[in-house]
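Here the structure is laid out as structure tokens; the discussion comes afterwards.
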Amino acid sequence: MDRATRLALYRSLVEIRVLEKRAYDLFLQNLVKGTSHLSLGQEAVAAGFAVAMRKDDYTFCTYRGHAHTLARGAPMVGVLGELMGRKCGLMGGKGGSMHLTSVEHGAMGSYAIVGAHLPVAAGAAWSAQVRGTDQVSVCFFGDGTTNIGAFHEALNLAAVWKLPVIFVCENNQYMEYTPIREVTAVANPAADRACAYGLEKILIDGNDADVVHRTARECIGKARDGGGPSLVEALTYRTSGHSRADPGKYRPVGELDDWLKKDPVVLYRVRLVGMGIEENALRDIERAVERAVDEATEAAKACPPSGVEVIEKDVWADGGSSWRN
Amino acid sequence: MDRATRLALYRSLVEIRVLEKRAYDLFLQNLVKGTSHLSLGQEAVAAGFAVAMRKDDYTFCTYRGHAHTLARGAPMVGVLGELMGRKCGLMGGKGGSMHLTSVEHGAMGSYAIVGAHLPVAAGAAWSAQVRGTDQVSVCFFGDGTTNIGAFHEALNLAAVWKLPVIFVCENNQYMEYTPIREVTAVANPAADRACAYGLEKILIDGNDADVVHRTARECIGKARDGGGPSLVEALTYRTSGHSRADPGKYRPVGELDDWLKKDPVVLYRVRLVGMGIEENALRDIERAVERAVDEATEAAKACPPSGVEVIEKDVWADGGSSWRN
Amino acid sequence: MAELTYRDAVAAGIAQEMARDESVVFLGEDIGAAGGVFKTTLGLLERFGPRRVRDTPISEQAIIGAAMGAAMTGLRPIAEIMFSDFFAVCWDMIANEIAKTRYMTAGQIALPLVIRTANGYGSRFGAQHSQSVENWAMAIPGLKVVAPSTPLDVKGLLAAAVRDPDPVIFFEHKGLYSTKGEVPDGEIVDRLGTAKVVRQGEDVTIVALAAMVPKSLQAAERLAAEDGISATVVDVRSLVPLDTKTIFEEVRKTGRLYTVEENPRLCGWGAEIASLVAEECFYDLDGPIVRITTPHVPLPAADLLEDNAVPTVDRIVETVRRNAG
Amino acid sequence: MAELTYRDAVAAGIAQEMARDESVVFLGEDIGAAGGVFKTTLGLLERFGPRRVRDTPISEQAIIGAAMGAAMTGLRPIAEIMFSDFFAVCWDMIANEIAKTRYMTAGQIALPLVIRTANGYGSRFGAQHSQSVENWAMAIPGLKVVAPSTPLDVKGLLAAAVRDPDPVIFFEHKGLYSTKGEVPDGEIVDRLGTAKVVRQGEDVTIVALAAMVPKSLQAAERLAAEDGISATVVDVRSLVPLDTKTIFEEVRKTGRLYTVEENPRLCGWGAEIASLVAEECFYDLDGPIVRITTPHVPLPAADLLEDNAVPTVDRIVETVRRNAG
Ligand SMILES: Cc1ncc(C[n+]2csc(CCOP(=O)(O)OP(=O)(O)O)c2C)c(N)n1
Ligand SMILES: Cc1ncc(C[n+]2csc(CCOP(=O)(O)OP(=O)(O)O)c2C)c(N)n1
Ligand SMILES: [Mg+2]
Ligand SMILES: [Mg+2]
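Chains as they are written, first to last, in my numbering: chain Y, 458 to 782; chain C, 458 to 782; chain H, 184 to 508; chain E, 184 to 508.
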């Protein structure tokens, strides 16, 4: 892995970390009114994949989608603006935190009903196959998602049609508040099910950006070459609550601390320094990101809230919502 | 296996065979107006399980459910009457061929939407578990059903809760007209997926009534003893079309003939004779069954059609359908 | 000018559009090699090949999800859901994902797709294969909803649906598949959102949809002959957009409105039209608005029961006769 | 007499029934150890134990299917679907299986069960977590449908629902969870199918449901104070069975009907009531029936947009003022 890639990974990790923290601060300031689901602790999955993707590849993610949307290059002000219900939001406040989308950057939507986007991601991959492009579709979801019907249908279809899609399970150990192991028949909710679709079992350390990136490159390369889908399970942990309102009290004592020792941003920084990359270069990135997030925050705050005139817009392609003549 | 069990199995096989043929004849005579999905060629699965079940166990099956309903002891006249829309039908003509039900005999319904009854069967098993009875729930479905979401959800729940339920996939090689192998990621659509639920792989010859029966006894015994669910794939073939209207032209030449050589009724008869059971005993069974089916046919024909007064009955427990005061 | 069946008009409409536009693709269960379980899609696989015409597993969520993913990435998919009752197994994909995505993304994602389905009573299939669920779709903002009653309208409206930039739910009526009608040669493209006055009268206005249109026409003839009541019959054709202009105009002329709905009573499409008329044409009404619907019950299977549950010609005649007095 | 929140009334109602009847069991996602994501079920696991209170995987089809299977075999399950929007992922189980089974089996199978769910706008969750889908349930024959607006009604109607021998869909309104009200001590059991006149007036009748009830009451106060218009407000409470008696009586007294519906316009519950009134109270009406609904759009996420999409007190006041003139 070359230096540029490593720095790109680090930058992405830091961007997500700082932006997610900012989102939380803004919630505490009552500037983010709705819910929000942060990826603190899970940054390496988003960064590792996004850096391995081509500009015209597709990302599909869940309500826990700030990280993935940002990692594909969506503007910070658009993300924060959306959380705050502002005109400058990626969707002008109509979608909210759970539905971040930036088609321009290949971020094809954040989906808030568990499992729904897996078939959709398969469909985008099918489209690439039919159109004869070599685009790849990457679909992120949680451990809890592996127990819903749509998971099964999407995996089977993708395998049968050999679709260029990577299904990435971010196993952060919990659904909302219930530990995944209490409601799942196998120990590794995604990896142990690859067998059901004739796929290879891929279980990786989701807190190691290099490991994720390498896996991403392999799976994406295979998909692009017509080798069909992959199912990846990345082990990780969300170090904040499920959503903004959750203090995470259901966690056994010590669990969070253990995982904080494996903080993906810290780990990666230590590794880069250990490899001889100058602290300065890293600090430049950190400062630049802080600045960018600050600027985006100010810009979003300065932006007016979305006006009621958009309520009846954009149901249809003609821009309106009329259902009669 | 004792003689009585073997004769019971044979009787059940013959009953299903003769009744299904009769259903087809009645369709040709335009006395059965709706659709019907026969189990010709698949008799050993229904017989093998039903004979192993206890009177208070539960059967759940699909639109292809005449065999299973009959095998649990439902009266022939009720089955034929239902197909013909008569008052004496199991549900007085309201359900039709696809929904045969006889709660009195543990036949808890035939379900016509692919996959739906798997969670329901799990629920009945959960109920037995909660109530502390040792009843077992047996759920039959086709190969095509293994690709729908409800399959996945039911299997996982049953495994996690260690429910006393046996899921039995009758792999008859086809969905309606499409071969299952063309749309499934694994060769054995059910058996190769046991791994995804931490279950044992069980793949059996579904045309051998003894094999099915032995498997049924093992799985049912395990479930009754608190050992949890099983997933069984029984290889078989439907020797008629998918439903009444289907001539089965999509089959490769010779395939049907090959399977007819493995006819479960003929095979079993030959085996019994080979074991020294007297032809006479078998012929007695055959004649008794023919007579019973003839009588049931005449009784059903003699029975008046259901009257329009039942249309607005039995939506609610009070017997009516009123939605207002 | 050729005489086509309603059934053949489906394949003709799809073929016209697939020939015109390379981006139109078609997927569903048994639609390819088998030509559809209702034989509505015969010849399409042969003509357009397996790249564009795909048989799927029994995975309705995957079918609709795949169509959605394909539509947002450059294709114009037509997805078949074999029976409209099965919308229930993929309702999230239809009602929560497809219908809402353009709106939530403030227009970033376009979903030009068609979901075709066989709807309605008449085949004695029972409660899970006979429903009229146009109102399910009509209730969801973001879906256009069409239900033709003639071969000509099938072809023309299907073409319009495929060319429409928004998701269209296309209800074909099972009971009409074998009906025939003249369809001019050459390209036919109709307009969504337009009702048709199929009989002009003076005393009462009957609005109907799909299979209820020919019944209403028959009833109108009888009312004219037996009672001297002259009825206008409007074929609504398109529920969303709704041609309130035509409906209101015809109601204003006669001062009396009857809806004839195959759906069970509560929240049927006729309720919406009745409420619109009761608000916007109140002062033009000469008497109560009367809805003629299936009672609020599931459909029974037996022919006599099924035929008498849905509105019959007799019931339409008697209701209008009694009320228009 | 104690003051309870609407939220606490849920747990109180469930607890009352679980304490009374051993056969009542409760299942859903995060309902046990976590006490529900809306904290509506706190303490139930501790009190009734894991045999009767079960956390499930994210498998809505399995949840509802399990409830169904349990209900037909001797239990009285209460199932929670976390948000009513998720009905869409298990709609087949609700609309095709549970609703139709008693009818199809001519009364052989009883399904005494309750499906509770958090419904409605107000949490800035966006289009997939904020819907009012009472009309989805109302449209399905075989489901009873309840939507209380006060803590007292929550407890009493929930108890009635649990004791009812038929399936009941119980809509709790997210936006009301933190509202408070007096609830007498001791057992409370209300009656399904009864509306409440919550304000008596003379000029117009407003019928409303759930969160629209307090808004309608506020609007009525303003209409009285600002315009001298005296409004009756009816809390419909139960959509199936529907208390047409009370509604008709109140409409007849004032001659004017307004519905206030949170659902998007088309095929809302108010359309049904409007059509009933337009048929059965036509000659008592003094002016058009007016429906005040959310426009036919998905719900936007930003607070300002969400609050203005659904009917506001202002909009109710202005609409009545304009029309009642
Ligand atoms: C079909 C459905 N059921 C339930 C929910 C509520 N819900 C939202 S997030 C969540 C937990 C999801 O867990 P997981 O898939 O592990 O993702 P994570 O939040 O941990 O990233 C649940 C149950 C939902 N959105 N959709
Ligand atoms: C959800 C759903 N999709 C499609 C159908 C239509 N359909 C009825 S039977 C059938 C084939 C089922 O195949 P399989 O599960 O192998 O059972 P078999 O008929 O072979 O016994 C299909 C597609 C259905 N009833 N339900
Ligand atoms: Mg998780
Ligand atoms: Mg099969």
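Built from N, CA and C at the ideal position, the CB exists for glycine as well.
Please find out if some non-hydrogen atom of ligand 2 comes closer than 8 Å to the beta-carbon of C/D600. Yes - ligand 2 has a heavy atom lying nearer than 8 Å to the Cβ of C/D600.
What residue from E/G290, E/A485 and E/L449 has the CA that sits closest to E/S313's CA? E/A485
When Y/L485, Y/R521 and Y/S554 are compared against Y/V536, the one with the closest alpha-carbon: Of the listed residues, the one whose Cα sits closest to Y/V536 is Y/S554.
Assign Y/F517 to one of three DSSP states: helix, strand, or coil. In the displayed model, Y/F517 falls within a strand according to three-state DSSP.
Given this structure, state the Cα-to-Cα distance separating C/G552 from C/I623, to the nearest angstrom. 25 Å
Please confirm whether C/F608 has its beta-carbon closer than 9 Å to some beta-carbon of chain Y. yes
Can the beta-carbon of H/V460 be found less than 9 Å from the beta-carbon of H/F431? In this structure, H/F431 lies closer than 9 Å to H/V460 by Cβ.
Does ligand 4 have even one heavy atom less than 8 Å from the beta-carbon of C/E477? no
Which one or two residues does DSSP pair with Y/P719 in a beta bridge? Position check: residue 719 of chain Y holds Lys in this sequence, whereas Pro was assumed. Paired residue(s): none; Y/K719 is not in a bridge.
Distance, Cα to Cα, C/E639 vs C/H699? One alpha carbon belongs to C/E639, the other to C/H699, and they sit about 17 Å apart.
Interface residues of the region 248-280 of chain H facing chain Y [CB-CB below 7 Å]: Correct list: G248, A249, A250, M251, G252, A253, M255, T256, G257, L258, D275, M276, N279 and E280.
Using 8 Å as the cut-off, classify the Cβ of E/E509 as near or not near the heavy atoms of ligand 3, replying yes or no. With chain E covering only 184 through 508, there is no way to say anything about residue 509 of chain E.
Residue closest to H/D204, alpha-carbon to alpha-carbon, out of H/E243, H/R346, H/I214 and H/A195: Looking at H/E243, H/R346, H/I214 and H/A195, the one whose alpha-carbon comes closest to that of H/D204 is H/R346.
Is the CB of C/A573 under 9 Å away from at least one CB in chain H? So yes, C/A573 belongs to the interface.
With a 10 Å radius around its C-beta and 16 neighbouring C-beta atoms as the bar for buried, classify E/M184 as buried or exposed. E/M184 sits exposed, since fewer than 16 C-beta atoms from the chains shown fall within 10 Å of its C-beta.
In angstroms, rounded to a whole number, what distance separates the CA positions of C/D459 and C/K658? If I take the Cα positions, the gap works out to 28 Å.
C/Y520 Cβ short of 8 Å to ligand 4 heavy atom set: no
If we define contact as Cβ-Cβ less than 9 Å, is Y/T693 a contact residue for chain C? no
Thinking C-beta only, is H/V423 closer than 9 Å to Y/W780? yes
Could you tell me which residues DSSP puts in a beta bridge with C/G627? In the sequence under discussion, the amino acid at residue 627 of chain C is Glu, which differs from the Gly named in the question. Looking at the DSSP assignment, C/E627 forms a beta bridge with C/G599 and C/A691.
Assuming the contact rule is C-beta atoms closer than 8 Å, H/V236 and H/L227 should be a hit. Round their C-beta distance to whole Å, please. 5 Å
Interface residues of chain D facing Y/M548 [CB-CB closer than 8 Å]: Checking the listed chains, one finds no chain D in this structure; the protein chains it contains are Y, C, H and E.
Nearest residue (CA-CA) to H/A342, options H/A202, H/E501, H/A249 and H/R498: H/A202
Which residues of the region 647-666 of chain C have a Cβ closer than 9 Å to any Cβ of chain Y? Give them in chain order. D649, R650, A651, C652, A653, Y654, G655 and L656
Work out the CA separation of C/M541 and C/D771 for me, nearest whole Å. 20 Å
Per-residue contacts from H/N318 into chain E (C-beta, under 7 Å): A322 and C450
Using only the heavy atoms of ligand 3, determine whether one of them is closer than 8 Å to the beta carbon of Y/M555. no
Alpha-carbon spacing of E/E263 relative to Y/G606, whole angstroms: 18 Å
To the nearest whole angstrom, what separates the beta carbons of Y/V571 and E/I261, a pair I think is in contact under 8 Å? About 22 Å separates the CB atoms of Y/V571 and E/I261; that is not less than 8 Å, and the two are not in contact.
Pull up the distance between the alpha-carbon of Y/A749 and that of Y/A501, whole angstroms please. 20 Å
For Y/L614, which residues in chain H fall below 9 Å Cβ to Cβ? Near Y/L614 (Cβ distances below 9 Å), the residues of chain H are T239, P240, S242, A245, I246, G248 and A249.
Flag E/L294 as yes if its beta-carbon sits less than 9 Å from any beta-carbon of chain H, otherwise no. no
Going by the CB atoms, is the gap between H/E365 and H/E186 shorter than 9 Å? yes
Check whether chain Y comes within 9 Å of H/V419, counting only Cβ atoms and requiring the distance to be less than that. So no, H/V419 is outside the interface.
Say yes only if the C-beta of Y/Y631 is nearer than 8 Å to one or more non-hydrogen atoms of ligand 5, and no if none qualify. This structure does not include ligand 5; its bound ligands are ligand 1, ligand 2, ligand 3 and ligand 4.
Near-chain E residues of the region 573-588 of chain C - C-beta to any C-beta below 9 Å: Answer in chain order: A573, H574, L575, P576, V577, A578, A579, G580, A581, A582, W583, S584, A585, Q586, V587 and R588.
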